[in-house]
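Residue numbers (this note's numbering), protein chains in the order written: chain A, 1 to 212; chain B, 213 to 222.
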Amino acid sequence: MNVFRLTGDIAHLLAIILLLMKIWKTRSCAGVSGKSQMMFALVFTTRYLDLITNFISLYNTTMKMIFIASSYGTLYLMFLKFRATYDSNHDTFRMEFLVVPVAGLSFLVNHDFSPLEILWTFSIYLESVAILPQLFMISKTGEAETITSHYLFALGSYRALYILNWVYRFYFEGFFDLIAVVAGCVQTVLYCDFFYLYITKVWKGKKLTLPA
Amino acid sequence: LRASLIKDEL
């Protein structure tokens with residue numbers, strides 16, 4: 001464990017809590033992509049199956065359980081409790097365009113051709129693009145609520161901090177996972193445009209709106 | 213250089 005990984009995990013946790021709080025406090029999931037959230041639940045489910053097969057640490061187990069539970073909690077709020085507020089007209093990104101190629105790639109490019117490893121690889125690849133429906137939704141509506149933009153900033157920062165963690169681990173532990181690093185870089189690059197808008201607008205007290 | 217099959221990262 002190093003400081004980059006720890007702050008990355010905290011940013012990830014913070015993002016999830018921010019999203020749950022936004023939905024709970026405003027009693028609305030308007031502006032949130034249900035498709036991105038469904039894919040995040042799929043990401044956590046397929047990645048953390050090793051909860052059953054391996055014990056790493058109390059921290060690792062606890063965080064994994066929190067991430068799985070919160071992702072399904074978010075789906076419950078979006079699709080059951082506050083279903084009426086779900087903005088499905090703007091959530092039109094086709095999930096199969098991501099899930100099918102990612103599934104194919106995880107069979108072709110992985111560290112080991114075993115069920116758990118393929119599912120882990122699938123989750124790494126899927127996570128890298130799972131935010132696209134959310135970003136697409138913002139580009140369609142042309143704006144995001146401030147709390148939603150804080151959520152996205154925390155969520156994007158998490159993988160950027162993981163990149164620093166991988167640099168650290170490469171130099172100090174000789175650890176290098178090409179699949180995680182490439183997917184993590186792709187994931188972070190997808191946020192760059194959003195990061196720019198967030199810093200130039202939200203940090204100056206304005207709402208996140210897209211240039212016309 | 214190794215990529216571990218035991219995943220300690222989240």
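For each residue, glycine too, the CB sits at the ideal point set by N, CA and C.
Check: Can you find a CB in chain B that lies within less than 8 Å of the CB of A:K64?; Outcome: yes
Check: Determine the burial state of A:I124: buried for a count of at least 16 other Cβ atoms within 10 Å of its Cβ, exposed for fewer.; Outcome: buried
Check: 8 Å is my cut-off, CB to CB: does A:E117 come that close to chain B?; Outcome: yes
Check: Counting only beta-carbon separations shorter than 8 Å, does A:N54 have a partner in chain B?; Outcome: yes
Check: Give me the DSSP bridge partner(s) of A:E96.; Outcome: Looking at the DSSP assignment, A:E96 forms no beta bridge with any residue, so it has no partner.
Check: Helix, strand or coil for A:E145? Go by DSSP, reduced to three states.; Outcome: coil
Check: Please list, in chain order, all residues of the same chain as A:F175 whose beta carbon is under 7 Å from its beta carbon, the five residues on each side excluded.; Outcome: R169
Check: Leaving out five residues before and five after A:R159 in sequence, what residues of the same chain have Cβ atoms less than 6 Å from its Cβ?; Outcome: G184, Q187 and T188
Check: Report yes if the CB atom of A:L49 is closer than 8 Å to the CB atom of A:T61, and no otherwise.; Outcome: no
Check: Name the chain B residues that come within less than 7 Å of A:D91, Cβ to Cβ?; Outcome: Correct list: empty, because the minimum Cβ distance to chain B is about 27 Å.
Check: Give every residue of the same chain whose Cβ lies closer than 7 Å to the Cβ of A:F107, excluding the five residues on either side of it in the sequence, and list them in chain order.; Outcome: I118
Check: Does the stretch 30-41 of chain A come into contact with the stretch 126-143 of chain A, if we say contact requires no fewer than three beta-carbon pairs (one atom in each stretch) closer than 8 Å?; Outcome: yes
Check: Which residues, in order along the stretch 1-35 of chain A, keep a beta-carbon less than 9 Å from a beta-carbon of chain B?; Outcome: M1, R5, G8, D9 and H12
Check: When the Cα of A:M95 is compared with those of A:K207, A:F40 and A:A144, which residue comes out closest?; Outcome: A:F40
Check: Identify the residues that DSSP records as bridge partners of A:L116: which are they?; Outcome: A:L116 pairs with nothing; no bridge assigned.
Check: Note the first and the last residue of the continuous alpha helix (DSSP H) segment covering A:G205.; Outcome: It is not in any alpha helix (DSSP H) - A:G205 carries neither H nor E in the DSSP assignment.
Check: Do you know how far the Cα of A:S139 is from the Cα of A:W120?; Outcome: 30 Å
Check: If you reduce the DSSP assignment to three classes, tell me which class A:V102 lands in.; Outcome: helix
Check: Our contact map puts A:T146 next to A:V202 with C-beta atoms below 8 Å; I'd like the distance itself, whole angstroms only.; Outcome: 6 Å
Check: Return the CA-CA distance between A:D112 and B:L217, expressed in angstroms with no decimal places.; Outcome: 8 Å
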